[in-house]
Amino acid sequence: MTDKWRLLLSSRKFWATVVGLVFLIIKTWSPNFPLDAEQIAGILALLVSYILGTALEDGLRGLK
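Using our numbering, the letters of the sequence shown map in sequence onto residues 1 to 64.
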């Protein structure tokens, strides 16, 4: 079980997801957050593209 946690905590995709969730939670709970909805959407789109790119890289690495 500890190997699964170690893999999860060392995953770049996991941490990108955590960052995205933190932005969403802060924006939802704090009306004075300095970023508007469009800026948050841009950040989340960037994080999603990073996660997908990392997943593609990991998948292609497994094919070699």
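For every residue, glycine included, the Cβ atom is placed at its ideal position computed from N, Cα and C.
Open item on the list: Suppose you measure from the CA of D58 to the CA of P34; what does that come to, to the nearest Å?
Closed with: 35 Å
Open item on the list: If contacts are defined as beta-carbon pairs under 8 Å, then I40 and F23 qualify, I think. What distance do you get, rounded to the angstrom?
Closed with: 6 Å
- [ ] Measure the C-alpha to C-alpha separation of L7 and W15 and round it to an integer number of angstroms.
- [x] 12 Å
Open item on the list: Less than 7 Å between the beta carbons of L56 and G20, yes or no?
Closed with: no
Task: V23, enclosing alpha helix (DSSP H) - first and last residue - done: Here residue 23 turns out to be Phe, not Val, going by the sequence shown. That run of the alpha helix (DSSP H) goes R12 to W29.
TODO: Answer with buried or exposed for L46, where buried requires no fewer than 16 other C-beta atoms within 10 angstroms of its C-beta.
DONE: exposed
Open item on the list: Please report the distance separating the alpha-carbon of I25 from that of E38.
Closed with: 15 Å
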